[in-house]
Amino acid sequence: EDQVTQSPEALRLQEGESSSLNCSYTVSGLRGLFWYRQDPGKGPEFLFTLYSAGEEKEKERLKATLTKKESFLHITAPKPEDSATYLCAVQARGFQKLVFGTGTRLLVSP
Amino acid sequence: GAVVSQHPSRVICKSGTSVKIECRSLDFQATTMFWYRQFPKQSLMLMATSNEGSKATYEQGVEKDKFLINHASLTLSTLTVTSAHPEDSSFYICSASIAGLHTGELFFGEGSRLTVL
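Which chain is which? The protein sequence lines are A and B, in order.
So for the first sequence, our numbering puts the first residue at 340; every next one is plus one.
So for the second sequence, our numbering puts the first residue at -2; every next one is plus one.
Pasting the structure below:
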C-alpha cells in the first residue's frame, strides 16, 4: 500500500529562519511526487512535481528535492506569507490518484 | 493556470436532507475528476474517481449509495451526499487532471464545507 509520512507535524519559524520539511514515502513504482500548499479553508495549490531521484525544483523561496525514499521542501528566508500547510503526495505508475500525507503546518512569525 | 471551481463553498443542512456539490473545470477539459474529503487537521482522503461518461470508482469504505457521483461532461462532476448526517460534516474537495496532459498534475477546487445539523 502506498504511504506518505510528513514531518514535522507543525513547525514554527521566525521570519528569515530557513528550514526543511520532510516527506517519506513508499510507493509501488513512483510516477510523481507532488508538493502542494494549502491555506485554511481552501483547496490545495500546486507547487511542484518531481519525477526521479536527484531532481530538484525551485520557486521563489521554496526548493524541492527528491531521493528514492523521501523528498524535502527547503524554505529559505521564509516570510509570514509562507505560513500554510504544506502537503506531499505520491502518484504511482499507472494511476492518476494522489495519496497524500497529513501535511506540515508552517507558521512564520514576523 | 488551470482553474477548478466548486460550488457551493459552504452549505449547512438538516440531518436527512441531500446536498449536491458541483465541480467545474473552467478553462480545460477533464476526463477524470477526483473527490476528496478532509477532516480537521487531517490529510485529504480520496473518496472516488470520476470518469466522464462512466460510473465512478469508489475507494474502499466509501458508500456508493451515500455519495453519488455524476460526471456528465468533460467540465462538470457532481457529488451528492444523500440523507446527510452530522458525521458527514467535512470539507469536500474536488480535483481534475487535464485531458491529454501526462504530467500527472491535479488541480484542486477551493473546497466545499458541509455542516449537517
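Note that beta-carbon positions come from the ideal geometry of N, C-alpha and C, so glycine has one too.
A quick note: this is a predicted structure, and the numbers were derived from the prediction, not measured.
Taking the C-alpha atoms as reference points, what is the distance between residue i and residue j?
{"i": "A:L437", "j": "B:K61", "result": "20 Å"}
{"i": "B:E84", "j": "A:K398", "result": "39 Å"}
{"i": "B:G58", "j": "B:L43", "result": "11 Å"}
{"i": "A:P419", "j": "B:G13", "result": "43 Å"}
{"i": "A:P379", "j": "B:Q3", "result": "16 Å"}
{"i": "B:L111", "j": "B:I66", "result": "16 Å"}
{"i": "B:F88", "j": "A:E395", "result": "32 Å"}
{"i": "B:L73", "j": "A:W374", "result": "25 Å"}
{"i": "A:G442", "j": "B:S70", "result": "32 Å"}
{"i": "B:D24", "j": "B:A93", "result": "11 Å"}
{"i": "A:R400", "j": "A:Y425", "result": "14 Å"}
{"i": "B:K52", "j": "B:T28", "result": "12 Å"}
{"i": "A:L405", "j": "B:P37", "result": "28 Å"}
Check residue i in the structure and name its three-state DSSP category.
{"i": "A:E397", "result": "strand"}
{"i": "A:E420", "result": "helix"}
{"i": "A:E356", "result": "coil"}
Going by C-alpha distance, which of the options is nearest residue i?
{"i": "B:C20", "options": "B:K38, B:N48, B:Q39, B:I9", "result": "B:N48"}
{"i": "B:M30", "options": "B:H82, B:I95, B:F64, B:G108", "result": "B:I95"}
{"i": "A:F439", "options": "A:G355, A:T365, A:G380, A:P379", "result": "A:T365"}
{"i": "A:K408", "options": "A:G433, A:C427, A:Y425, A:A392", "result": "A:A392"}
{"i": "A:Y460", "options": "A:G442, A:W374, A:R370", "result": "Since the first residue shown for chain A is 340 and the last is 449, residue 460 of chain A is missing from the structure and cannot be characterised."}
{"i": "A:C427", "options": "A:P383, A:R400, A:C362", "result": "A:C362"}
{"i": "B:G106", "options": "A:L412, A:T406, A:G382", "result": "A:G382"}
{"i": "B:R34", "options": "B:L103, B:G50, B:I90, B:P5", "result": "B:I90"}
{"i": "B:V8", "options": "B:E102, B:A(-1), B:L103, B:S86", "result": "B:S86"}
{"i": "B:H68", "options": "B:V0, B:I18, B:Q39", "result": "B:I18"}
Note down, in chain order, each residue of its chain lying with its Cβ closer than 8 Å to the Cβ of residue i, except the 5 sequence neighbours on either side.
{"i": "A:L352", "result": "S358, I414, P417, L445, L446, V447, S448"}
{"i": "B:F64", "result": "W32, M44, A45, Y55, L76, T77, V78, T79"}
{"i": "A:S422", "result": "L445, L446, V447"}
{"i": "B:C10", "result": "V16, A81, L111, T112, V113, L114"}
{"i": "A:L350", "result": "S358, L360, T443, R444, L445, L446"}
Taking DSSP's pairing of strands, which residues face residue i in a bridge?
{"i": "A:G371", "result": "A:Q430"}
{"i": "B:Q35", "result": "B:L41, B:F88"}
{"i": "B:V8", "result": "B:L111"}
{"i": "B:H68", "result": "Paired residues: none, contrary to the question."}
{"i": "A:S363", "result": "A:T344, A:E409"}
{"i": "B:L23", "result": "None, per the DSSP bridge assignment."}
{"i": "A:Y425", "result": "A:R376, A:T443"}
Excluding the five sequence neighbours on either side, which residues of its own chain have a C-beta within less than 6 Å of the C-beta of residue i, listed in chain order?
{"i": "A:R432", "result": "G368, R370"}
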